[in-house]
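Numbers 1 to 459, taken from the numbering used here, label the letters of the sequence shown in order.
Even glycine gets a Cβ: it sits at the ideal position worked out from N, Cα and C.
Quick caveat: nothing in here was measured; it's all calculated off a predicted structure.
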Amino acid sequence: MSDSGKSAKRSSFSGSIGYVMAAAGSAVGLGNIWRFPYLAAKYGGGAFLLVYIILVVTFGYTLMLSETALGRKARKSAVGTFKAYGGDNGASRLGGWINAIVPMIIAPYYCVIGGWVFKYLYAYIVGDVKEAAGDSYFGNFITSTSGSMFWFIVFAAFTMVVIFMGVESGIEKVSKFMMPVLVVLAFVIAIYSMTRPDAAEGVKYFLIPNFHHFSWMTVVAALGQMFYSLSLAMGILYTYGSYMKDDVNIEHAGNQVQIFDSLVAILAGLMIIPAVFAYSGGTAKNLSAGPSLMFITLPKVFADMGGSRIVGAAFFVLVLFAALTSSISLAETCTSTFQDELKISRNKAAWLTVVVIFVLGSLSSLGYSALSNVTIIGMQMLDFFDFASNSVLMPIAAFATCLLVVRKVGLDKFSDIVKETSPFRREKMYRVFVKYIAPVFLMVILLSSILSAFGIFSL
Ligand code: PFF
């Protein structure tokens, strides 16, 4: 164990590429592969894409830079960073812990969904192509207690082994291997999908802006997706920032992560939308159904394609790598918070993360089987954890980060921190966003998602 022990010095990535691969690994996840394509299809195709990219380079840039730069300077995860800049008081602790608690809620259910991905990969490897395309395959699987628990534990074990291996020799090594493989697979599958007969309609639908589908909801949906996809407001970038070496150009590294993340989201759209158009009539309904797009519609599409076993296996390897590198970042953030705040060794902190993932993940997994009659505000447990983290806590966490920069660190001091390693080209824009635009938009996301959860307003 290279980096355990109370007095051990803080772990770090070896350099810029290590950071970029790990942070891109965190960003590129299930959100890019199933969430982005269906939101794009639903909210105006090319119009959604355009709004999304504008939001990434403005709003996303602002939050990414804030979290990473402060985490690096304080050399602490979110709670410690808030304390370092805001003082050891109730408000700072609250701001820090809201950021730190989000990954503790997400990591467990992310591992449950990761387990579903593993199960499908296994099905393609053993040649169960027809079975996986059957109407009740997915339903039967998630409602079987032992099956879904088994695959959840397999996925969580893979995640935690990497955490136990450490930051540089675990997370960085795994990301440097998985991320390039993932991009190559994404290109190959996208090209295959776009060259199927009748796929051109889908490509047009995805890329050409359709302003009839454009509405205020396009902006709200793109904003929510940007958060989800860039792994903002979940303490991850504070933690990964704290592992970034002092001489890495922080702005440049952030840009590379954004390019990587957006590229994979676009490739995922080009993989999925044309294939669904070519093989299952490409109705908006087929495309807009969340998890069932990946676990029900796509297996049917693969079963109709030539080379279905190979295409299906390649696709699920890609999704598995995307999900693993993201769940690693969530689990690492929990571990680093426990290590910093409870002053325990990295090893003990990782074991505590195992317990959190196992307990909350089992609840999410069993929420479809043994505990299926337990609901919280009308939601199944996995949905509730998703709602509580993404729709409620994350906007508040990001709001706290804006307050920390503006009120506690100060904009001039923040600029000095960024300028230690980079020219800070978008400084003016950053200031306007962090002070005015981001806080307002964050409250809009918070309100619209809470209202839509209670059925008062539709997202
Ligand atoms: N950014 C990753 C993704 O797009 O899947 C990981 C992620 C984790 C997203 C947790 C959202 C989330 F709530």
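Burial state of residue i (16 or more Cβ within 10 Å)
{"i": "Ile163", "result": "buried"}
{"i": "Asn99", "result": "buried"}
{"i": "Ala370", "result": "exposed"}
{"i": "Leu55", "result": "buried"}
{"i": "Ser144", "result": "exposed"}
{"i": "Arg72", "result": "buried"}
{"i": "Met443", "result": "exposed"}
{"i": "Ser146", "result": "exposed"}
{"i": "Ile377", "result": "exposed"}
{"i": "Glu201", "result": "exposed"}
{"i": "Val102", "result": "buried"}
{"i": "Tyr436", "result": "exposed"}
{"i": "Ala157", "result": "exposed"}
{"i": "Val181", "result": "exposed"}
{"i": "Gly306", "result": "exposed"}
{"i": "Ile456", "result": "exposed"}
{"i": "Phe384", "result": "buried"}
{"i": "Phe454", "result": "exposed"}
{"i": "Lys83", "result": "buried"}
{"i": "Lys9", "result": "exposed"}
{"i": "Gly127", "result": "exposed"}
Other residues of its chain near residue i: CB distance less than 7 Å, five sequence neighbours each side excluded
{"i": "Thr159", "result": "Cys111, Leu324, Ser327, Ile328 and Ala331"}
{"i": "Val154", "result": "Gly115 and Phe118"}
{"i": "Ser4", "result": "Residue confidence for Ser4 is low, a pLDDT of 42 falling below 50, so the modelled location carries little weight and cannot support an answer."}
{"i": "Asn373", "result": "none"}
{"i": "Ser11", "result": "Asp3, Gly166, Val167, Glu168 and Tyr243"}
{"i": "Gly254", "result": "Tyr61, Met64, Leu65 and Thr68"}
{"i": "Asp386", "result": "Tyr109"}
Residue i in three-state terms, based on DSSP
{"i": "Pro423", "result": "coil"}
{"i": "Gly45", "result": "strand"}
{"i": "Ile328", "result": "helix"}
{"i": "Pro209", "result": "strand"}
{"i": "Met234", "result": "coil"}
{"i": "Met244", "result": "coil"}
{"i": "Met305", "result": "coil"}
{"i": "Ile273", "result": "helix"}
{"i": "Ile376", "result": "strand"}
{"i": "Lys435", "result": "helix"}
{"i": "Lys343", "result": "coil"}
{"i": "Lys408", "result": "helix"}
{"i": "Asn89", "result": "coil"}
{"i": "Ser520", "result": "The question about residue 520 has no answer, for the chain in this structure spans 1 to 459."}
{"i": "Arg75", "result": "coil"}
{"i": "Pro395", "result": "helix"}
{"i": "Ala199", "result": "helix"}
{"i": "Val174", "result": "helix"}
{"i": "Thr143", "result": "coil"}
{"i": "Ile125", "result": "helix"}
{"i": "Asp383", "result": "helix"}
Sequence-distant residues of the same chain with beta carbon closer than 8 Å to residue i, five excluded per side
{"i": "Gln225", "result": "Gly31, Arg35, Phe36, Leu39 and Tyr52"}
{"i": "Leu232", "result": "Gly60, Leu63, Met64, Glu67, Met226, Met394 and Ala398"}
{"i": "Glu131", "result": "Ala123 and Tyr137"}
{"i": "Pro197", "result": "Ala278"}
{"i": "Met1", "result": "Below a pLDDT of 50, predicted positions are generally treated as unreliable, and Met1, at 38, falls in that range; no measurement from the model is reported."}
Contacting residues, own chain, Cβ-Cβ under 6 Å from residue i (five flanking each side not counted)
{"i": "Thr353", "result": "Ala331, Cys334 and Thr335"}
{"i": "Val28", "result": "Asp261, Val264 and Ala322"}
{"i": "Ser449", "result": "Ser391"}
{"i": "Gln380", "result": "Gly367"}
{"i": "Leu360", "result": "Pro108"}
{"i": "Ala23", "result": "Tyr240 and Val257"}
{"i": "Tyr228", "result": "Gly31"}
{"i": "Phe414", "result": "Val405"}
8 Å contact criterion, which residue i and residue j should meet: CB distance rounded
{"i": "Val405", "j": "Val434", "result": "5 Å"}
{"i": "Val79", "j": "Gly96", "result": "4 Å"}
{"i": "Tyr85", "j": "Val409", "result": "5 Å"}
{"i": "Val257", "j": "Thr421", "result": "Contact flag wrong, Cβ pair sits at about 15 Å."}
{"i": "Ala222", "j": "Phe48", "result": "6 Å"}
{"i": "Phe152", "j": "Ser365", "result": "5 Å"}
{"i": "Val319", "j": "Ile125", "result": "Val319 to Ile125, Cβ: 14 Å. No contact."}
{"i": "Met250", "j": "Val418", "result": "Position check: residue 250 holds Ile in this sequence, whereas Met was assumed. Correct: roughly 6 Å between the Cβ atoms."}
{"i": "Thr81", "j": "Leu70", "result": "5 Å"}
{"i": "Ile106", "j": "Met234", "result": "6 Å"}
Cβ-heavy atom distance, residue i to the ligand COA, below 7 Å
{"i": "Lys176", "result": "The ligand COA is absent from the structure shown, which contains only the ligand PFF."}
(request) Decide if the stretch 342-358 is in contact with the stretch 199-218; the criterion is three or more beta carbon pairs, one per stretch, under 8 Å apart. (result) no
(message) Taking contact to mean 3 or more Cβ pairs, one atom from each stretch, closer than 8 Å, check whether the stretch 241-256 and the stretch 15-24 are in contact.
(response) yes
(message) Is it the case that the stretch 302-310 contacts the stretch 229-240, given that we only count it when at least three CB pairs across the two stretches are under 8 Å?
(response) no
(request) For the stretch 290-302 and the stretch 59-78, state whether three or more C-beta atom pairs, one from each stretch, are separated by less than 8 Å. (result) no
(request) State whether the stretch 394-403 contacts the stretch 166-184, with contact taken as three or more CB pairs (one from each stretch) at a distance under 8 Å. (result) no
(message) When you compare the stretch 269-276 with the stretch 184-193, are there three or more beta-carbon pairs, one atom per stretch, that lie closer than 8 Å?
(response) yes
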